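Which chain is which? The protein sequence lines are A and B, in order.
For the first sequence, the working numbering begins at 755 and goes up steadily by one.
For the second sequence, the working numbering begins at 84 and goes up steadily by one.
Don't be surprised by glycine CBs; every beta carbon is placed ideally from N, CA and C.
Predicted model, so just to flag it, every value in this text is computed and none were measured.
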Amino acid sequence: MPILNKEEAQALLKKVLSYSKADACEVSLGGSEGGNIRYALNAVSTAGDIGTLGLAVSSTYGKKTGTATINEFDDASLEKVVRRSEELAQLAPPNPEYMPPLGPQTFKDAVTYNEKTAAMTPESRAELVAKSLEVTKAANLSAAGFLENSTDFRAVMNSAGLFAYNKSSDVTFSVTTRNAEGTGSGYAARGFTDVSKLDTYGATKIAAQKATGSVGARAIEPGKYTVILEPTAATYMMENMFRFDARSADEGRSFLSKKGGGTRLGEKLLDEKVTIYSDPFHPELPSGTWSGDGMPLEKTYWFDKGVVKNLSYSRYWAEKKGVKPQPGPSNIIMEGGNMSLEEMIKSTERGILVSRLWYIRMVDPQVLALTGLTRDGTFYIENGKIKFPIKNMRFNESPIIMLNNVEALGKPERAISVESYRSYMIPPMKIRDFTFSSLSDAV
Amino acid sequence: MKRRNFIYLSGVGAGAMMLPNLPAFGTPIDPAEALNQVDARIKKELADVALNTAKSKGASYADIRIGRYLNQAVITRETRVLNVANAESYGVGIRVLVNGCWGFAATNNVTKDGIAKTAERAVAVAKANAKIGGKPVQLAPQKGFGEVSWKTPIEKNAFEVPIKEKVDLLMSVNGAALAGGANFVNSTILAINEQKFFASTDGSYIDQDIHRLYPNFSVTKIDSSKGAFETRAALSSPVGMGYEYLIPSEAEKVQGIVTRYKNRYDMLEDVKNATKNATEKVSSKSVEPGKYDLVLDPSHLWLTIHESVAHPTELDRVLGYEANYAGTSFLSVDKLKSGNFKFGSKNMNIVADRDQKGSLGAVGYDDEGVQPKKFDIVKDGILTNFQTIRDQAHVIGLKESQGCCYAQTWSDVQFQRMPNVSLAPGKAKLSVDDMIKSVEKGIYIVGNGSFSIDQQRYNFQFGGQLFYEIKNGKIVGMLNDVAYQATNQEFWNSCAAVCDESDYRLGGAFNDGKGQPGQSNAVSHGSSTTKFTGVNVINVKRKIG
C-alpha cells in the first residue's frame, strides 16, 4: 500500500534512523495513489491508475551531505540506503549554505484528507466523466476534458528529533466544449478536497453555455479596457507573482527589489483592496502544515491592504540577514469583496468579460510584465449588459499594474490555474485600464 | 575509471533529491549505476510475457515499452555547487487494443509476474473504456522488424565523464562571468539517456539507446541605482549528442556581431560574451514600435518554427484531442486536402526529419515501432502534410504512420508528438552579411526569449536574447524591450529570403509540453538565418510604482 498512516510512517522512519552513523541524518518518506481519465471528441482517449512509495535518506558529516533513495522496505534494503547516503556524504564537498537539522516542532493536525476522495476508483471517475458527456451529447457539442484524483502522504524525521506527517487528497476536473463548426468554445474547471462537491454535470453546463454564447464573435479594437476577470482567468494571471523570495529581492533580481538595494518589504505596492495570505487550515483550500525543511506553517499575510507584509526567508538566508526564517506560501488566498459577477457586469459601462486566459509568459521579470491571450468565452459589456461575444485578444500587462487598478472584487472561490493545475482561492475582479495589444482569430 | 572518482561530488545539494519519485526525474541513484545496461535478451523474454498475456485476454494488438531513463544534472550558482543529481526511472508501459479501444497500464515491478498483471490491467482498462463508446481505433499496418537496435551516434558518453570535470567547467563559466562584472550567474549541465526496448504483436523487438545533452547558463547584470537588471542566457541549445558537444572547435563557430555555435559549443567563450551583452543591455536604447524587417538567427527562429509551424501541423491537435489543454489548430483536414492552402511564401519549405544527426528528436524507431521517414510539411509555401501516428494516418488518407509517436517515460502512454521540424535552407547562395545589407530598417534577433501563441496557433508574440538595430544595411547598435507580434500566415507569407545551407543550424528544447497529464518531448528545429519583411514590433517596457 503506498499510503501509510502516521504510526506506520513513524515506526518505519525510526527504524531507518536507527541504522545511521552520521553526524546528522534526515529521512523522508512519501507515497501517492490516484488516477485520471482524459477524454476528447465525446469519448475517452486515455486513462491511467498509478501508485508509488519512496524513501530518501540524507546523511551529513560536518557540512558534507549525501542523499540516497530506495523503494524497497526490507531491513537489509533500509540499512543499505543509509550506508549509501553516508558513503556519498563522505565524498561530497562541504556545502557553505548547510544548516543543521531542525529539532522537534509542534504541528497542528492538517485538514487536507478526505475519505470520499481517497476512495475514488476507475468506475467512479468514469461515472463523473459520463455525467459531463451527458451535457455535451445533448447539446450537440464536443467535449474534451480531464479528471484526476490523488491521495498522498509525506513524512519526515531527523536525528535532532523532528517528526512531521501529512496526508492529503484532492480532485480536479476541467472541460472544454466546442460546437461542431468550431466557431464557439467554452471552459470550466473545478478542484476540491472533497469529491462530493464536484458537479461535473453543472460545470459542463456552464462550459456549454459559454460555447454556445461565444458563436459569432465580433472584432473590437485592441487598447485599454475595463475587464472583469472570472476567477479562472485571474488565477492564471496572478500565479506568476506568488513567489515572495527575500533572497532574490535582496540580490536585486525581483519585482520585490528596491531601487538602490534591499527589498520592498513594508512598501505599499498594490491597491489597498488587495490582501493576500496563505493559511494551511482554510476549509476550501487546506494545505500541509509544515514546509519541506520541517518548519511549521501558519497563517501568513503576504500583502495586507496593498502593503508587502512578509517575504519568505530560507533558514540560511534568514540567519545571514538576522531575521526569523519564514517558509514560502503553501497555498494562496486573496480576500475579496461582496460584489457578484452579475453586479460587476451591471456596474460596467463599457468593458470585457474574460473567462479564461492562455499561454501566459514572462516578458520582463523586473516588473512582472506578462503576455498571453483570452480564450473560451470573451464578451463585450455595454451599459451594464453582455452585448455580444468578441474575438480573443492578446494582452501585455503586469499583475502588479493590474492589482493597482482594482475597481471591485467578488467573493473568493477555489480556481485552478489552467497551466500549473494548482488551485488558489481568488475572487472575480473588475480591473480598469487592462492593456490588450492585438486581435486573435483563434476560437 | 575508478568508482570513487566517478561519483565524487555526487552527494552535494541533497535538498532537491529529498522528494521521492520526482516524476520528471525518477529515483536518485548512484551514478556508477548509469553505465550498466539491462541485457536485451532479458527484455525480450519479459516483453513476450506482456504480449502473450494481452493476446490471451483478448487484445487484437499489444505493445510494451521497457524503459530505463537516466538523468544527471549538475547545477551551480556563482562559486557554489547547488546540486548534483543522478536519477533513474525504470519500468514498463503496456498498451493494448481490445474491442477497438485503447487500454494502458504501467508498473515499476519489472518481473514476469508484475508484467503479466499489468498487461491484464491494460486489457481491463480497454474493456471499461470501450463501454463509453466512440469510433473504433483504426490502426495503420506496420511490419515487424524482428530484433533490431539503434543508438545515438555519440563520441563521448556524458555519463562516463566524471562529475568533477563537469563541475570544473561550470565553475570556470561562473568565474568568467563574475570576473566580467556579472552580479549573478547560474549554470547547468543536464545529461539524458533513454534506454528503450519496444516490442509489439507485429513482431518487432527494438532496443534503442538515446543520448541528449543540455548545457546552459544565465548571466544577470544589475544596476541597483536604476532598479534595473538584464539577463542573457547561453546561445547553445540542447542537442542529441554526447559530451563531445562541449569540446570547443573553431570550425564550428559562426562569427558575427556575437559568436554562435553549430555542432560544438564553447561555453566559456559564450559566457564571456554574455556578460558583455548583459551589461550592454542595461543601458541599451528602447525600441521605437513600428514595422521592421526582421533578420532572425537560427538560435532564435527555431522557437518560432516550433510554435507556429510544428504545433499546428500535429494531426491530433487539428482533430481536437488537445482542445482542453494546449488547444486546436487554425489548420484543418479540409485545408490540407484542398492541396492549395498557402501557409507562407514560396521561400517556406518545412521538412519533418527524425534522422537529423545531433538533433533531439533523432531515433531509429518511434514509440509504436515505426521507422520514421523524412517528409515535407510545407512545400514552396503550400501545406502538404500533417504529423501522424498509426491510429490517425487513415484520417488524411495515408497508408502508414509517419512515425511521430513518443512517450515521456515508460509510465506515460505514447501519443502524437512532433519530430524535428525544420525550415529548409535557401537554394541560392546568400550569406548573413548580404542579408543584413539588404535591409533598410530592421532588427537582427539572436537567441530565444519570451514566447506566446494562441490556442489555435495563430496570433503570436516573441521576444529574444539580443536585438541589434539595422539601418541602411548596417548594424548600428543594440536595442531593448523588443517583441514582435504577427498572425501565423501573415508572418510566413512575409518570409522574403533564407540564407543558404552553409548557415544552417539546429536549435531546440528538452521540454515541449503537451497532453493531460502533461508530458515533455525533446525536439530540434533547424534553419538558416531568415528575413521577414514588414513585421509589427512592439515595445514591451512597463513600469511599476
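Subject >> chain B contacts made by the stretch 876-891 of chain A, where a contact means CB separation under 8 Å >> reply: P876, E877, A880, V883, A884 and L887
Original post:
Residues of chain B with a CB under 9 Å from the CB of A:M874: which are they?
Top reply: Position 120 of the first sequence holds residue 874 of chain A. Residues of chain B passing the Cβ test: none, with the nearest at roughly 14 Å.
Original post:
Hey, is B:Q475's beta-carbon within less than 8 Å of any beta-carbon in chain A?
Top reply: Sequence index remark: in the second sequence, residue 475 of chain B carries index 392 (1-based). Output row for B:Q475: interface = no.
Subject >> Reference A:R932; option with closest CA among B:Q568, B:N571 and B:Q538 >> reply: Stepping through the first sequence from its first residue, residue 932 of chain A is reached at position 178. The option with the nearest alpha carbon to A:R932 is B:Q538.
Original post:
Under the rule that 16 or more other beta-carbon atoms within 10 Å means buried, what is B:P298, buried or exposed?
Top reply: Position 215 of the second sequence, counting from 1, holds the residue named residue 298 of chain B. B:P298 comes out buried.
Original post:
Applying the criterion that 16 or more other CB atoms from any shown protein chain within 10 Å of the CB defines a buried residue, is B:T194 buried or exposed?
Top reply: Locating residue 194 of chain B in the second sequence gives position 111, counting from the first residue. Exposed, because fewer than 16 other Cβ atoms sit within 10 Å of the Cβ of B:T194.
Original post:
If you run the structure through DSSP and keep just helix, strand and coil, what is B:M100?
Top reply: Locating residue 100 of chain B in the second sequence gives position 17, where the first residue counts as 1. Caution applies to B:M100, whose pLDDT of 31 falls short of 50 and renders its modelled position unreliable; the value that the coordinates give is listed next. Here B:M100 sits in helix by DSSP.
Subject >> Residue from B:N240, B:R473, B:Q338 and B:F267 with nearest C-alpha to B:D586 >> reply: Along the second sequence, one-based indexing puts residue 586 of chain B at 503. B:D586 has its Cα closest to that of B:Q338, out of B:N240, B:R473, B:Q338 and B:F267.
Subject >> Within 8 Å, strictly: CB atoms of B:H294 and B:G263 >> reply: Your numbering for residue 294 of chain B matches position 211 in the second sequence. Your numbering for residue 263 of chain B matches position 180 in the second sequence. Not a contact, by the Cβ cut-off of 8 Å.
Original post:
With A:A898 and A:Y793 assumed to form a contact (beta carbons below 8 Å), what rounded beta-carbon distance in angstroms separates them?
Top reply: For this step, residue 898 of chain A is matched to residue 144 along the first sequence. For this step, residue 793 of chain A is matched to residue 39 along the first sequence. Confirmed, Cβ separation roughly 7 Å.
Original post:
Does any CB atom of chain A fall closer than 8 Å to the CB of B:I472?
Top reply: In the second sequence, counting from the first residue as 1, residue 472 of chain B sits at position 389. Output row for B:I472: interface = no.
**OP:** Below 8 Å CB to CB, which residues in the same chain sit around A:R1129 once its five sequence neighbours on both sides are set aside?
**Re:** One-based indexing of the first sequence puts residue 1129 of chain A at position 375. So the qualifying residues of the chain are S939, Y941, S1109, R1110, L1111, W1112, N1146 and A1196.
Subject >> the stretch 764-775 of chain A contacting the stretch 464-479 of chain B, beta-carbon criterion three pairs below 8 Å >> reply: no
Original post:
CB B:N503 to CB B:S607, shorter than 8 Å?
Top reply: Sequence index remark: in the second sequence, residue 503 of chain B carries index 420 (1-based). Sequence index remark: in the second sequence, residue 607 of chain B carries index 524 (1-based). Contact flag set, yes.
Original post:
Taking only beta-carbon atoms, is A:N1150 less than 8 Å away from chain B?
Top reply: The residue you call residue 1150 of chain A lines up with position 396 of the first sequence. Yes, its Cβ sits closer than 8 Å to a Cβ of chain B.
**OP:** Report yes or no: is there a C-beta of chain B within less than 8 Å of the C-beta of A:V969?
**Re:** The sequence position of residue 969 of chain A within the first sequence is 215, counting from 1. The C-beta of A:V969 comes no closer than 8 Å to any C-beta of chain B.
Original post:
B:T190: which of A:I804, A:G816 and A:T890 sits nearest, CA to CA?
Top reply: One-based indexing of the second sequence puts residue 190 of chain B at position 107. Minimum Cα distance to B:T190 is reached at A:I804.
Subject >> Of the listed residues B:K210, B:S610, B:Q221 and B:G186, nearest to B:V434 (C-alpha basis) >> reply: As a working note, residue 434 of chain B is residue 351 in the second sequence. Looking at the Cα atoms, B:S610 is the closest of the given residues.
Original post:
For B:P106, which three-state DSSP category applies?
Top reply: Reading the second sequence from its first residue, position 23 is the one you call residue 106 of chain B. Bear in mind that the predicted position of B:P106 carries a pLDDT of just 35, short of 50, making it too unreliable to give a figure here.
**OP:** Go ahead and pull the three-state DSSP assignment for B:K195.
**Re:** For the purposes of this step, residue 195 of chain B is taken as residue 112 along the second sequence, with counting starting at 1. Helix, per DSSP.
Subject >> Counted within 10 angstroms of its Cβ, other Cβ atoms place B:S287 as buried (16 or more) or exposed >> reply: Along the second sequence, one-based indexing puts residue 287 of chain B at 204. Buried.
Subject >> Cross-strand partners of B:P298 (DSSP beta bridge) >> reply: On the second sequence, position 215 is the one that residue 298 of chain B refers to. By DSSP's assignment, B:P298 forms a beta bridge with B:I272.
Original post:
Can you list the residues of chain B that A:M1049 reaches, using a CB-CB cut of under 8 Å?
Top reply: Position 295 of the first sequence holds residue 1049 of chain A. Those within 8 Å of A:M1049 in chain B number zero; the least Cβ separation is about 14 Å.
Original post:
What number of angstroms, rounded off, separates the C-alpha of B:L118 from the C-alpha of B:E243?
Top reply: Within the second sequence, the letter at position 35 stands for residue 118 of chain B. Within the second sequence, the letter at position 160 stands for residue 243 of chain B. Cα to Cα, B:L118 sits roughly 7 Å from B:E243.
Subject >> Length of the line joining the Cα atoms of A:P848 and B:N360 >> reply: The residue you call residue 848 of chain A lines up with position 94 of the first sequence. The residue you call residue 360 of chain B lines up with position 277 of the second sequence. Going from the Cα of A:P848 to the Cα of B:N360 covers about 34 Å.
Original post:
According to DSSP, is A:T814 helix, strand or coil?
Top reply: What you label residue 814 of chain A is simply residue 60 of the first sequence in a count that begins at 1. Correct three-state label for A:T814: strand.
Subject >> Closest Cα partner of B:A168 within the set A:S950, A:T821, A:D906 and A:E826 >> reply: For the purposes of this step, residue 168 of chain B is taken as residue 85 along the second sequence, with counting starting at 1. If we check each option's Cα against that of B:A168, A:T821 comes out closest.
**OP:** Quick one: measure Cβ to Cβ for A:S928 and B:Q568, integer angstroms, because I've assumed they're closer than 8 Å.
**Re:** Here residue 928 of chain A corresponds to residue number 174 of the first sequence, with the count starting at 1. Here residue 568 of chain B corresponds to residue number 485 of the second sequence, with the count starting at 1. Contact flag wrong, Cβ pair sits at about 28 Å.
**OP:** Please state whether DSSP places B:L384 in a helix, a strand or coil.
**Re:** One-based indexing of the second sequence puts residue 384 of chain B at position 301. In the structure shown, B:L384 falls within a helical segment according to DSSP collapsed to helix, strand and coil.
Subject >> Residues bridged to B:H477 [DSSP beta-bridge criterion] >> reply: As a working mapping, residue 477 of chain B is identified with position 394 in the second sequence. DSSP, once it has assigned bridges, lists no residue as partnering B:H477.
Original post:
Taking three-plus beta-carbon pairs below 8 Å as touching, is the stretch 998-1005 of chain A in contact with the stretch 1133-1151 of chain A?
Top reply: no
Original post:
Based on the DSSP secondary-structure assignment, which residues constitute the bridge partners of B:V529?
Top reply: Along the second sequence, read from residue 1 onward, the residue named residue 529 of chain B stands at position 446. DSSP lists B:L549 as partners of B:V529.
**OP:** Under the assumption that A:I1086 contacts A:I1030 (Cβ atoms under 8 Å), give the Cβ distance between them as a whole number of angstroms.
**Re:** Within the first sequence, residue 1086 of chain A is the residue found at index 332, counting from 1. Within the first sequence, residue 1030 of chain A is the residue found at index 276, counting from 1. Indeed, because the Cβ distance is near 6 Å, the residues count as touching under 8 Å.
Original post:
Using the beta-carbon of each residue, which ones in chain A are nearer than 9 Å to B:A145?
Top reply: Counting from 1 along the second sequence, the entry for residue 145 of chain B is found at position 62. Neighbours of B:A145 on chain A: none; closest Cβ ~16 Å, over 9 Å.
**OP:** Please name the residue in A:T890, A:A971 and A:P985 whose C-alpha comes closest to that of A:F963.
**Re:** Within the first sequence, the letter at position 209 stands for residue 963 of chain A. Reading off the sequence shown, one finds Gln at residue 963 of chain A, where the question assumed Phe. Checked all of A:T890, A:A971 and A:P985; the closest Cα to A:Q963 is A:T890.
**OP:** Please state whether DSSP places A:P1050 in a helix, a strand or coil.
**Re:** Within the first sequence, the letter at position 296 stands for residue 1050 of chain A. Looking at A:P1050 - three-state DSSP - the assignment turns out to be strand.
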